[in-house]
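Take a look at the structure below.
Protein chains: 2
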Amino acid sequence: MSAHERPLRADARRNRELVLDAAGELFAQRGDAVQMDEIAERAGLGVGTLYRHFADKQALLAAIIGRRFEAMTALARAADETEDPWTAFETLLHGYLEAAQADAAFRFALLGPEEPRWSDIAAEKTDFAEITERVVRRAADAGRLRADFCAQDFTLITRGAMANMTGTGDWRRYVALLLDGIRERPGT
Amino acid sequence: MSAHERPLRADARRNRELVLDAAGELFAQRGDAVQMDEIAERAGLGVGTLYRHFADKQALLAAIIGRRFEAMTALARAADETEDPWTAFETLLHGYLEAAQADAAFRFALLGPEEPRWSDIAAEKTDFAEITERVVRRAADAGRLRADFCAQDFTLITRGAMANMTGTGDWRRYVALLLDGIRERPGT
DNA sequence: TAGGAACCGGAGTTCAGGTTCATCTTATGG
DNA sequence: CCATAAGATGAACCTGAACTCCGGTTCCTA
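Line order of the protein sequences matches chains A and B. Each residue of the first sequence is one higher than the one before, counting from 8 in my numbering. Each residue of the second sequence is one higher than the one before, counting from 8 in my numbering.
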């Protein structure tokens, strides 16, 4: 826990990366149903090595999800730099969902019963929430989103979409339906 | 498997019901995370008795979910008897979601990775799909739903809503947003 | 380049939870 | 009221998957 630990030995650093990569790929494919032995094998290491780097399966999973949240934050930041508020919003939403589709572990984590744990971790380590809030606000202020739309609603939408990524349903259609409900309409 | 089995002994029939009730309540509260021993205790029986009536945990869970689907079918049938097509649709949607909120096992089953198993079982044993299809069609034909709305979309909506029932999000707001996207609008 | 700390491997341990089965109990038909 | 088959019981068993542990290996520094 001391702040100044000597840097990892070269092989340890390399192996840590191998573990992260293997776990990332397997978790993304099949959620937390993958076994530690499988991850070790895919990484070309022994299980013991996994446990040298991560206290337990949860910790490894948390590291992977943390990574994904960092990527999501980069995404949000990029979207926020887009000129047009509506484009920014759409870019963020689609980028987020596209990434979520490719990562089962992320989806299961956010949909599972022990949320809000993950969101809290994300909030501690990244600015995802703040940036998203800004993007949403910009779109609402510009009159492109219904006036009462808020960041919470972004979560509602993404959760709903992710729930439709398992199975046969067409989540893009679902998002399209939703967008029709949240876009500001001149006619009303 | 023969069609003519002698009726269950009185105590057996009673116990079967006790098991179903206990399992129904516990599964509804906590999904399939409950243990067989817990169910047995709640029912005031030994585990062995559960296994006399149901081959394994899956079978018991299937029985419970089957029950729920029967209730859902009754709901749909009632809604279909409503005069106004839009009221019928709304009644079905809300009834379904209200019931889903009270039953975690049902939600997890329909959201989990091994869907479409459950829907198939439901289709074999009930008319839920057909009736829902009719209700949806009526609302669409009456011009109260956007013309391209189909029964599949009903599934998309319910899955999305159910995904927002775990955690802190407000799924009713979510449904409201969606309805705005789905309703036929004179203005367009 | 030698000493030793850090690291690795993977067979073996542990444990939780589903499932069984030998034994006891009870409903039911005669 | 008995005989007996159906039913109930729960301690013991089994399985699978997370985790440990220590002998062997590798990197690093002086």
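Every residue, glycine too, gets a C-beta built ideally from N, C-alpha and C. Predicted model, so just to flag it, every value in this text is computed and none were measured.
| query | result |
| --- | --- |
| Any idea if residue 114 of chain B is buried or exposed, counting beta-carbon neighbours within 10 angstroms, 16 or more meaning buried? | buried |
| Does the separation of the CB atoms of residue 61 of chain A and residue 52 of chain A fall below 8 Å? | no |
| Quick one, which residues of the stretch 98-115 of chain B are near chain A if we go by CB-CB under 7 Å, in chain order? | none |
| Tell me which same chain residues have a C-beta within less than 6 Å of the C-beta of residue 97 of chain B, skipping the five on either side of it? | none |
| To which residues of the same chain is residue 14 of chain A closer than 7 Å at the C-beta, ignoring the five residues directly before and after it? | none |
| Considering residue 172 of chain B, what are the terminal residues of the alpha helix (DSSP H) in which it resides? | First-last for residue 172 of chain B: undefined, no H or E at that position. |
| For the stretch 162-188 of chain B, list every residue whose C-beta sits within 9 Å of some C-beta in chain A, in sequence order. | 162, 163, 164, 166, 167, 168, 169, 170, 171, 173, 174, 175, 176, 177, 178, 180, 181, 183, 184, 185, 186, 187, 188 |
| In whole angstroms, give me the CA-to-CA distance for residue 180 of chain A and residue 143 of chain B. | 17 Å |
| Apart from the five residues just before and just after residue 83 of chain A, which ones in its own chain have a Cβ nearer than 7 Å to its Cβ? | 99, 135, 138, 139, 142 |
| Contact check, residue 47 of chain B vs residue 79 of chain B under 8 Å by CB: the rounded distance? | Not a contact, Cβ separation roughly 28 Å. |
| Using a Cβ-Cβ distance under 8 Å, would residue 14 of chain B count as near chain A? | no |
| Is the beta carbon of residue 190 of chain B sitting closer than 8 Å to the one on residue 145 of chain B? | no |
| Straight-line CA distance for residue 183 of chain A to residue 177 of chain A? | 10 Å |
| What is the C-beta distance between residue 112 of chain A and residue 125 of chain A, in whole angstroms, given that I count them as a contact (C-beta under 8 Å)? | That pair is no contact at about 10 Å. |
| At what residues does the alpha helix (DSSP H) containing residue 149 of chain A begin and finish? | Neither: residue 149 of chain A is in no alpha helix (DSSP H) and is coded neither H nor E. |
| Please state whether DSSP places residue 190 of chain B in a helix, a strand or coil. | strand |
| Could you check whether the Cβ of residue 115 of chain A sits closer than 7 Å to any heavy atom belonging to the ligand SAM? | No copy of the ligand SAM appears in this structure; indeed no ligand is present at all. |
| At 8 Å on the CB atoms, spell out the chain B contacts of residue 118 of chain A, in chain order. | 118, 170, 173 |
| Is the distance from the Cβ of residue 119 of chain B to the Cβ of residue 122 of chain A below 8 Å? | no |
| Quick check: the Cα distance between residue 41 of chain A and residue 108 of chain A, rounded to an integer number of angstroms? | 18 Å |
| If I follow the unbroken alpha helix (DSSP H) through residue 55 of chain A, where does it start and stop? | 54-60 |
| Within the same chain, show all residues whose beta-carbon is closer than 7 Å to that of residue 37 of chain B, passing over the 5 residues directly before and after it, in chain order. | 111 |
| Go to residue 99 of chain A, then tell me how far its alpha helix (DSSP H) extends in each direction, as first and last residue. | 92-108 |
| Quick check: is the beta carbon of residue 160 of chain A nearer than 8 Å to any beta carbon in chain B? | yes |
| Which residues of the stretch 121-134 of chain A have a Cβ closer than 8 Å to any Cβ of chain B? Give them in chain order. | 122, 123 |
| Can you grab the Cα-Cα spacing for the pair residue 58 of chain A / residue 74 of chain A, in whole Å? | 19 Å |
| Tell me which residues share the same chain as residue 22 of chain B and place their Cβ nearer than 8 Å to its Cβ, disregarding the 5 neighbours each side in the sequence. | 50, 52, 56, 60 |
| Got a sec: is the Cβ-Cβ distance from residue 8 of chain A to anything in chain B below 8 Å? | Bear in mind that the predicted position of residue 8 of chain A carries a pLDDT of just 41, short of 50, making it unreliable; the figure below should be weighed with that in mind. By this cut-off, residue 8 of chain A is not an interface position. |
| Look at the Cβ atom of residue 95 of chain A, then the Cβ atom of residue 170 of chain B, and state whether they are nearer than 8 Å. | no |
| On the criterion of 16 or more Cβ atoms from any shown chain inside 10 Å, does residue 160 of chain B qualify as buried, or is it exposed? | buried |
| Could you give the C-beta distance for residue 27 of chain B and residue 81 of chain B, rounded to a whole number, given that I count them as a contact under 8 Å? | Contact flag wrong, Cβ pair sits at about 17 Å. |
| When DSSP labels each residue in this structure, what does residue 10 of chain B get in the three-state scheme? | Residue placement at residue 10 of chain B cannot be trusted, given a pLDDT of 44 that sits under 50; the coordinates are not used to answer. |
| Measuring only the C-alpha atoms, how far is residue 153 of chain B from residue 77 of chain B? | 29 Å |
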